[in-house]
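Since the structure comes first, as structure tokens, the remarks are kept for the end.
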Amino acid sequence: MAIDRIELNFMRLPYVHFFETSFGRSYDRTFIMVRVYEDGLIGYGECVAEEKPLYSGETTETAWHILKDVLVPLVFSLGIVEPEDFYNAAKSFKENRMAKAGLELALWDLKAKKLGLPLYKLYGGVREEIPAGVSAGIEDSIPDLLTMIENYQSQGYKRIKIKIKPGWDLEVCRAVREKFPDLLLQADANGIYSPEEADHLRQLDAFKLLMLEQPYPPFDLWEHSKLQKKMSTPLCLDESIISYETAKAALEMGSCRIINIKVGRVGGMVEVKKIHDYCQRYGVGVWCGGMLESGIGRAHNLHIATLPDFKYPNDLSASARYYQEDLIEPPIVLSRPGYVRVPDEPGIGVNPVEERIEKATLKKEVLKP
Ligand code: OSB
Ligand code: MG
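Each number in our numbering corresponds to the 1-based position in the sequence shown with 11 added.
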């Protein structure tokens with residue numbers, strides 16, 4: 012069979028609460044939903060590029076262009092159906108990993124649906140429930156953050172990640188630790204510090220963090236390796252790890268002891284598998300990061316997080332943590348305290364709601380061979 016058509020929806024969803032990182036504060040999320048149609052089945056993917064090029068160089072608009080004018084035409088011109096064939100063909104186009112991942116994920120969902128299997132079975136996943144953490148943004152005040160953490164704890168989240176930046180770091184970690192002495196706590200700087208601040212960052216060792224995520228800018232693997240030697244807190248890299256090659260360099264250089272996996276950041280599931288398998292051989296655990304995805308992207312992440320080397324709690328929270336009205340029904344919930352159940356229906360195993368998709372769509376493109 013061949014693909015009949017591919018649809019791209021440029022969407023916007025408002026958050027239940029603003030999300031602030033060292034990049035700034037945002038109130039909603041733009042992203043692209045990719046739908047691949049073949050013989051009555053629909054494969055769903057989500058492209059996580061954001062409105063502004065702060066986390067990576069891609070934006071929702073650049074990804075829209077790359078998908079519409081480059082990647083979808085590539086699929087049609089080569090008659091591609093298999094995700095691995097897409098990965099190989101798309102390799103000749105540089106960068107644009109989030110755009111590639113959005114389409115590759117739709118092909119994975121389609122493939123699993125054709126086989127009648129939940130996606131995690133296709134990936135070789137080994138668990139049915141995923142340890143769920145939650146990422147708490149920067150708040151207006153420390154009391155506001157403490158209230159938020161208390162709230163998340165009462166909902167059952169067992170690991171909390173807080174966002175840090177200069178002026179919102181040591182004092183905040185100290186306050187959180189004082190109030191929650193046994194909490195599994197980690198901090199994410201989103202690359203805001205510079206190597207001159209190494210001695211400042213070392214003071215974070217006092218707070219028994221599970222890990223410190225991405226202290227320095229993405230390209231500085233070397234300075235991360237110097238910082239890791241100075242700190243007892245394990246470093247985890249997020250933005251720096253854009254491929255198998257960067258993962259390998261980071262581990263061999265000692266730039267981190269943990270890797271955060273995001274399928275969009277590394278350009279698709281084939282690349283995720285390569286990184287995952289390498290980390291497993293190397294004896295380094297990984298976990299699944301999030302990009303505040305809609306239920307579609309989050310369902311994909313749930314399946315990815317079933318792979319055996321995902322050894323830390325993941326940034327995979329319930330729909331209600333992110334959106335008033337997620338795109339899927341039923342929403343993602345904690346199946347028991349600290350865990351989310353992986354959907355067991357074919358493919359990603361969640362049902363997108365058409366009216367909600369329409370309501371959130373800003374523009375749409377229907378592409379045919
Ligand atoms: O660094 O992990 C990050 C969201 C957008 C961009 C970068 C990051 C994040 C998150 C969100 O922390 C985590 C989630 O989706 O639950
Ligand atoms: Mg991060």
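By construction, the Cβ of each residue, glycine as well, lies at the ideal position given by its N, Cα and C atoms. Predicted, not measured: the structure shown is a model, and the values here were computed from it.
According to the neighbour-count rule (16 or more other Cβ atoms, all chains shown, within 10 Å of its Cβ), is residue i buried or exposed?
i, result
"residue 174", "buried"
"residue 126", "exposed"
"residue 225", "buried"
"residue 38", "exposed"
"residue 20", "buried"
"residue 35", "exposed"
"residue 137", "exposed"
"residue 94", "buried"
"residue 222", "buried"
"residue 155", "exposed"
"residue 235", "buried"
"residue 165", "exposed"
"residue 15", "exposed"
"residue 324", "buried"
"residue 12", "exposed"
"residue 287", "buried"
"residue 71", "buried"
Does the Cβ of residue i lie closer than 8 Å to at least one heavy atom of the ligand OSB?
i, result
"residue 82", "no"
"residue 139", "no"
"residue 391", "This structure cannot speak to residue 391, because the chain is shown only from 12 to 380."
"residue 169", "no"
"residue 303", "yes"
"residue 66", "yes"
"residue 218", "no"
"residue 88", "no"
Regarding residue i and the ligand MG, is the C-beta to nearest heavy atom distance less than 8 Å?
i, result
"residue 250", "yes"
"residue 166", "no"
"residue 325", "no"
"residue 300", "yes"
"residue 99", "no"
"residue 231", "no"
"residue 199", "yes"
"residue 312", "no"
"residue 362", "no"
"residue 271", "yes"
Run through the DSSP bridge pairs and tell me what residue i is partnered with.
i, result
"residue 298", "271"
"residue 247", "224, 269"
"residue 22", "42, 372"
"residue 37", "30"
"residue 319", "BP columns for residue 319 are empty, so no partner."
"residue 143", "325"
"residue 378", "17"
"residue 277", "Per DSSP, none; premise fails for residue 277."
"residue 351", "141"
"residue 363", "339"
"residue 206", "Answer is none; residue 206 lacks a bridge partner."
So residue i and residue j are supposed to be a Cβ contact under 8 Å. How far apart are they, rounded?
i, j, result
"residue 56", "residue 117", "3 Å"
"residue 247", "residue 267", "6 Å"
"residue 97", "residue 86", "6 Å"
"residue 212", "residue 204", "6 Å"
"residue 79", "residue 376", "6 Å"
Only counting runs of 4 or more residues, tell me where the alpha helix (DSSP H) segments fall wholly within the region 154–202, in order along the chain. Runs found: 181–190.
Tell me the start and end of each unbroken beta strand (DSSP E) in the region 40–74 that is at least 3 residues and wholly inside, in chain order. 52–58
May I have a chain-ordered list of the beta strand (DSSP E) segments no shorter than 3 residues that lie completely inside the region 80–123? none
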